[in-house]
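S.K.: In my numbering, the protein residues as written are 1 to 390.
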Ligand SMILES: [Zn+2]
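1) How far does the alpha helix (DSSP H) with residue 373 in it extend, from its first residue to its last?
2) Please say whether residue 290 and residue 338 have beta carbons closer to each other than 8 Å?
3) In chain order, which continuous runs of the beta strand (DSSP E) of length 3 or greater are located wholly inside the region 244 to 331?
4) Are the C-beta of residue 74 and some C-beta of chain B separated by less than 8 Å?
5) Any idea if residue 378 is buried or exposed, counting beta-carbon neighbours within 10 angstroms, 16 or more meaning buried?
6) Between the Cα of residue 265 and the Cα atoms of 224, 300, 341 and 312, which residue gives the shortest distance?
7) If you drop the 5 nearest sequence neighbours on each side, which residues of the same chain put their C-beta closer than 6 Å to that of residue 13?
8) For a test of the three-state rule: what should DSSP assign to residue 215, helix, strand or coil?
9) Suppose only complete runs of 4+ residues qualify. What are the alpha helix (DSSP H) ranges in the region 134 to 175, listed by chain order?
10) Using beta-carbon positions only, say whether residue 43 and residue 104 come within less than 8 Å of one another.
11) So, is residue 196 buried or exposed, given that buried needs 16 or more other C-beta atoms within 10 angstroms?
12) Please classify residue 19: does DSSP put it in a helix, a strand, or coil?
13) How about the region 125 to 136 and the region 26 to 33: do they share at least three Cβ pairs that are nearer than 8 Å?
14) Would you mind reading off the limits of the alpha helix (DSSP H) that contains residue 79?
15) Let me know the secondary structure DSSP gives residue 349 once reduced to three states.
16) Using the Cβ count rule (16 or more neighbours within 10 Å means buried), how would you classify residue 314?
17) Judging by CA-CA distance, which residue of 175, 353 and 372 is the nearest neighbour of residue 252?
18) Going by DSSP in three states, residue 207 sits in which element: helix, strand or coil?
19) So for residue 125, helix, strand or coil by DSSP?
20) What's the C-alpha gap between residue 17 and residue 173?
21) To the nearest angstrom, how far is it from the Cα of residue 295 to the Cα of residue 158?
22) In the DSSP output, what is residue 13 paired with across the bridge?
23) Roughly how many whole angstroms lie between the Cα atoms of residue 386 and residue 327?
24) Thinking C-alpha only, which one of 163, 87 and 210 is nearest residue 180?
25) In whole angstroms, give me the CA-to-CA distance for residue 248 and residue 312.
26) Does DSSP put residue 180 in a helix, a strand or coil?
27) Going by Cα to Cα distance, which pick from 163, 222, 139 and 137 is closest to residue 123?
28) So, with DSSP's three-state summary, where would you put residue 114?
29) Cβ of residue 226 versus every heavy atom of ligand 1: is any distance shorter than 7 Å?
30) What separation, rounded to the nearest whole angstrom, lies between the Cα atoms of residue 92 and residue 155?
31) Taking 7 Å as the cut-off, is the C-beta of residue 325 nearer than that to any heavy atom in ligand 1?
32) Which residues mark the beginning and the end of the alpha helix (DSSP H) in which residue 241 is found?
33) So does the region 213 to 230 actually touch the region 351 to 367, counting three or more Cβ pairs closer than 8 Å?
34) Who pairs with residue 35 in a beta bridge, going by DSSP?
35) Where do the ends of the alpha helix (DSSP H) carrying residue 191 lie?
36) Let me make sure I understand the geometry here. Which of 275, 335, 276 and 323 has the alpha-carbon closest to that of residue 302?
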């Protein structure tokens, strides 16, 4: 049965998606998470003047190449989120609207916008995949170019699978990771088994890591049926042998770990969810109030309330050594560190407990959200069992 393997020996990996200027958690990231994700749009020069790419001025925030250099200097494991789906939304090579997306090495390998017709040409695919490989020289694993998929017959699905195959052919001795980015309506309504089979067919075990993004999952976090559909999708990919890394589901990610997900990616402030369109990235409100994740409950709470209730003993303390999130002089960075180490810890617990015992634990919390999430977990396990029996 999916998700009930008692021999799970390894901790699931939790990665923090770095924000535009994520220094607060960088130096000590190893104490709070297992690694980081750098967005490709940050991995580009600040500007291209007459003398070519420029680095930041001394003392300026680390962005662009310097951010990656710093991550490498600190030996932090990382993936580059190559974001090739964004290249379909650019209007041309000089379109600077999507921040520095058009200036990344990958974007410069192909005429913009990327279309699936262009990717019908083997030379274009080859150029794009080579640039993607070059950009990911020191990362945990090379991710093949990928695009947002809306249906089983979407040409972007074929384009994504062709890019995965081409990348595998360019790297005959290496594992290559797939990033699967799905439209939510498609992902949660029966896409699971067929899609997982299409990804597993033909890749001969050389692609085992699979990052899963379902866009705008943040809008259905209280919808039991949608969440069960999401977990069923996770379970379907696991059943096909993939190590699934769930992305953009925030505090729900431990539930996916209970289902057997091998990794998770979350932002600590913005980037907690994934938008459908790159041009609507403004929806990541930087001014949004940062909330505190309550230990054991996977519930977010305003920091002032959490401080008061923690002092009153009505919520459990964080067990992480040196956690400063609820001290009177705590900074936003302290709360972000807490949210990162708490998700890492809860994810490991959930993974070890497995779906049945984790669902029991969620029900014991007695919160409406916990009950919904427990029910979604039970439903997804039942769907997996029914699939295995079929
Ligand atoms: Zn903490």
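Glycine included, C-beta positions come from ideal geometry on N, C-alpha and C. Keep in mind the model is a prediction, meaning the values are calculated, not measured.
M.R.: According to the structure shown:
1) Here the question's residue 373 lines up with position 373 in the chain shown. It spans 368 to 389 - the alpha helix (DSSP H) in which residue 373 sits, taken as one unbroken run.
2) As a first step, residue 338 is located in the chain shown; it is residue number 338 there, counting from the start. As a first step, residue 290 is located in the chain shown; it is residue number 290 there, counting from the start. No.
3) 263 to 266, 291 to 294 and 299 to 302
4) Any reference to chain B falls outside this structure, which holds one protein chain only.
5) Here residue 378 refers to the residue found at position 378 when the chain shown is read from its first residue. Residue 378 is buried by the Cβ-count criterion.
6) Sequence index remark: in the chain shown, residue 265 carries index 265 (1-based). If we check each option's Cα against that of residue 265, 341 comes out closest.
7) Counted from its first residue, the chain shown places residue 13 at position 13. Excluding residues within five positions, the ones whose Cβ falls inside 6 Å are 34 and 263.
8) Here residue 215 refers to the residue found at position 215 of the chain shown. Three-state DSSP puts residue 215 in coil, outside helix and strand.
9) 155 to 170
10) Within the chain shown, the letter at position 43 stands for residue 43. Within the chain shown, the letter at position 104 stands for residue 104. Taking 8 Å as the Cβ cut-off, residue 43 and residue 104 qualify as a contacting pair.
11) Looking up residue 196 in the chain shown gives position 196. So residue 196 ends up on the buried side.
12) Indexing the chain shown from 1 puts residue 19 at position 19. If DSSP states are grouped into helix, strand and coil, residue 19 belongs with coil.
13) Between the region 125 to 136 and the region 26 to 33, the count of C-beta pairs closer than 8 Å stays below three; the two stretches do not touch.
14) Locating residue 79 in the chain shown gives position 79, where the first residue counts as 1. Unbroken run through residue 79 is the beta strand (DSSP E), 78 to 81; no alpha helix (DSSP H).
15) Numbered from its first residue, the chain shown carries residue 349 at position 349. Three-state result, residue 349: helix.
16) Sequence index remark: in the chain shown, residue 314 carries index 314 (1-based). Per the 10 Å Cβ criterion, exposed.
17) Position 252 of the chain shown, counted from the start, is the residue given in the question as residue 252. When only C-alpha atoms are compared, the closest one is 372.
18) In the chain shown, the residue the question calls residue 207 occupies position 207. Coil.
19) As a first step, residue 125 must be located in the chain shown, where it is residue number 125. The answer is helix: DSSP assigns residue 125 an H, G or I state.
20) Working through the chain shown from its first residue, we reach residue 17 at position 17. Working through the chain shown from its first residue, we reach residue 173 at position 173. Their backbone Cα atoms lie some 28 Å apart in a straight line.
21) Residue mapping note: residue 295 aligns to position 295 of the chain shown, counting from 1. Residue mapping note: residue 158 aligns to position 158 of the chain shown, counting from 1. Those two C-alpha atoms are separated by around 42 Å.
22) Taking the chain shown and counting its residues from 1, the one referred to as residue 13 is at position 13. Looking at the DSSP assignment, residue 13 forms a beta bridge with 263.
23) Start at 1 with the first residue of the chain shown, and residue 386 comes out as number 386. Start at 1 with the first residue of the chain shown, and residue 327 comes out as number 327. Computed Cα separation, rounded: 49 Å.
24) Sequence index remark: in the chain shown, residue 180 carries index 180 (1-based). Ranking the options by Cα distance to residue 180, first place goes to 210.
25) Here residue 248 is taken as the residue at index 248 of the chain shown, counted from 1. Here residue 312 is taken as the residue at index 312 of the chain shown, counted from 1. Their Cα atoms are separated by approximately 33 Å.
26) Taking the chain shown and counting its residues from 1, the one referred to as residue 180 is at position 180. It is a strand residue.
27) Here the question's residue 123 lines up with position 123 in the chain shown. Among 163, 222, 139 and 137, the Cα nearest to that of residue 123 is on 163.
28) Taking the first residue of the chain shown as position 1, residue 114 is located at position 114. The answer is coil: DSSP assigns residue 114 none of H, G, I, E or B.
29) Here residue 226 is taken as the residue at index 226 of the chain shown, counted from 1. No, the Cβ of residue 226 stays beyond 7 Å of every heavy atom of ligand 1.
30) Numbered from 1 along the chain shown, position 92 holds the residue referred to as residue 92. Numbered from 1 along the chain shown, position 155 holds the residue referred to as residue 155. Their Cα atoms are separated by approximately 21 Å.
31) In the chain shown, counting from the first residue as 1, residue 325 sits at position 325. Yes.
32) Stepping through the chain shown from its first residue, residue 241 is reached at position 241. That residue, residue 241, is in no alpha helix (DSSP H); it is neither H nor E in DSSP.
33) no
34) For the purposes of this step, residue 35 is taken as residue 35 along the chain shown, with counting starting at 1. DSSP, once it has assigned bridges, lists 15 as partnering residue 35.
35) For the purposes of this step, residue 191 is taken as the residue at position 191 of the chain shown. Run containing residue 191: none; DSSP gives neither H nor E here.
36) Residue mapping note: residue 302 aligns to position 302 of the chain shown, counting from 1. If we check each option's Cα against that of residue 302, 335 comes out closest.
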